[in-house]
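S.K.:
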Amino acid sequence: MTYLALFRIRFANGLQYRAAAAAGLSTQFAWGFMEILAFSAFYRANAAAFPMQFPHLVSYIWIQQAFLAILMPWGGAREAVESIVNGQVAYDLARPLDLYDRWFLETAADRISRATLRCVPVLFFAFILPQPFRIALPPSFLQLCLFLLSLVLGLCVVTAFCQIDSISTFYTMSRYNVLFSIVAEFLAGGSIPLPFFPDPVRRIIELTPFGAMQNMPLRIYSGDIAGADAARGIALQVFWFAVLVVAGKRIMRTALQRVVSQGG
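Counting from 123, one number per residue, gives the positions in the sequence shown under my numbering.
(1) Take the Cβ of Ile131 as the centre, count every other Cβ of all protein chains shown within 10 Å, and call the residue buried at 16 or more, exposed below.
(2) Check whether the Cβ atoms of Cys241 and Ala282 sit closer than 8 Å, and answer yes or no.
(3) With DSSP as the reference, label Met374 as helix, strand or coil.
(4) Could you spell out where the alpha helix (DSSP H) holding Ser288 opens and where it closes?
(5) How long is the line joining the alpha carbons of Gly386 and Tyr213, rounded to whole angstroms?
(6) Measure the alpha-carbon distance for Pro315 versus Ser344 and round it to whole angstroms.
(7) Quick one: what's got a C-beta closer than 7 Å to Phe269's C-beta in the same chain, skipping five residues either side?
(8) Could you tell me the alpha carbon to alpha carbon distance between Ile185 and Ala160, rounded to whole angstroms?
(9) Quick one: grab the DSSP three-state call for Gly386.
(10) Measure the Cβ-Cβ separation of Leu277 and Leu137 and say whether it is below 8 Å.
(11) Please name the residue in Val207, Gly154, Cys267, Ile206 whose C-alpha comes closest to that of Phe247.
(12) Assign Val180 to one of two classes, buried (16 or more other C-beta atoms within 10 Å of its C-beta) or exposed (fewer than that).
(13) State the Cα-Cα distance for the pair Val279 and Pro218, rounded to the nearest angstrom.
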């Protein structure tokens with residue numbers, strides 16, 4: 123109950139930043155349009171040369187923009203990183219809460235609150251656009267349910283992955299790890315969907331934690347992955363979530379053994 127209360131407080135706090143959400147919407151609309159227009163130029167030249175159907179790609183991009191705050195492997199636990207750098211973590215360790223679990227829930231609540239403020243306007247806008255720029259509904263109700271399950275698991279995998287990035291601050295004492303985020307976003311399909319990668323590279327990435335992030339829910343929604351392939355992808359998300367949590371807790375336990383608190 124303590125952790126649930128912590129999650130609810132953090133989520134409610136995140137909903138207060140409506141002006142920031144409104145400012146970010148224009149960027150997401152512009153970025154989504156830019157991507158779709160750029161891809162459409164290539165598809166008009168030779169649509170048969172691409173591994174995804176254009177309507178699937180359009181849905182992929184708009185869902186990506188709608189749930190950007192949930193699925194992007196950056197923007198982790200900023201307060202956690204700051205507390206490590208300035209020494210506030212010593213007070214956090216004195217509280218009767220597991221530090222990893224607390225940071226995980228706070229980060230997840232922040233992501234969900236930001237997505238809650240932005241997803242409805244983005245989806246409304248995407249559904250009223252003319253063809254071929256309009257987002258489509260999933261092919262079936264089952265596909266929609268699989269998408270929602272995969273979206274939740276994608277949030278869990280991304281949050282667990284970013285936890286390791288935050289915990290690494292114990293060793294680097296750096297507030298920013300830009301390279302870590304850039305590589306993760308690229309391999310997760312943030313810049314280019316994974317089907318556009320060369321087949322040998324794509325098969326390898328799909329088996330990594332990066333393939334279990336935004337790649338899976340976005341392709342399930344668009345219909346690019348369905349049936350048994352979707353079930354295997356969701357099972358892989360569960361696997362990587364468990365692995366990343368165990369790894370993160372172990373790294374944190376090792377890091378906390380090195381923490382030294384000075385002063386009174």
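All C-beta atoms, glycine included, are put in the ideal place defined by N, C-alpha and C.
In this text, all values refer to a predicted model and were calculated from it rather than measured experimentally.
M.R.: Here's the rundown:
(1) Translated into the one-based positions of the sequence shown, residue 131 becomes position 9. By the neighbour-count rule (16 or more Cβ atoms within 10 Å), Ile131 is not buried but exposed.
(2) Stepping through the sequence shown from its first residue, residue 241 is reached at position 119. Stepping through the sequence shown from its first residue, residue 282 is reached at position 160. Their beta carbons are not under 8 Å apart, which means Cys241 does not touch Ala282 by this criterion.
(3) The residue labelled residue 374 in the question sits at position 252 within the sequence shown. Helix, per DSSP.
(4) Position 166 of the sequence shown, counted from the first residue, corresponds to residue 288. Segment 263-289, the alpha helix (DSSP H) holding Ser288.
(5) Within the sequence shown, residue 386 is the residue found at index 264, counting from 1. Within the sequence shown, residue 213 is the residue found at index 91, counting from 1. Bear in mind that the predicted position of Gly386 carries a pLDDT of just 46, short of 50, making it too unreliable to give a figure here.
(6) Residue mapping note: residue 315 aligns to position 193 of the sequence shown, counting from 1. Residue mapping note: residue 344 aligns to position 222 of the sequence shown, counting from 1. Looking at the two C-alpha atoms, the distance is approximately 12 Å.
(7) Looking up residue 269 in the sequence shown gives position 147. Only Pro260, Pro339, Ile342, Tyr343 meet the Cβ criterion.
(8) Translated into the one-based positions of the sequence shown, residue 185 becomes position 63. Translated into the one-based positions of the sequence shown, residue 160 becomes position 38. Using only the alpha carbons, I get a separation of about 17 Å.
(9) To locate residue 386, count along the sequence shown from 1; it is residue 264. Legend: pLDDT at Gly386 = 46, less than 50; position of this residue unreliable, no value from coordinates given.
(10) Your numbering for residue 277 matches position 155 in the sequence shown. Your numbering for residue 137 matches position 15 in the sequence shown. No. Outside cutoff.
(11) Within the sequence shown, residue 247 is the residue found at index 125, counting from 1. Answer by Cα proximity: Gly154.
(12) For the purposes of this step, residue 180 is identified with residue 58 of the sequence shown, where counting begins at 1. Buried, because 16 or more other Cβ atoms sit within 10 Å of the Cβ of Val180.
(13) The residue given as residue 279 occupies position 157 in the sequence shown. The residue given as residue 218 occupies position 96 in the sequence shown. In a straight line, the C-alpha of Val279 is about 26 Å away from that of Pro218.
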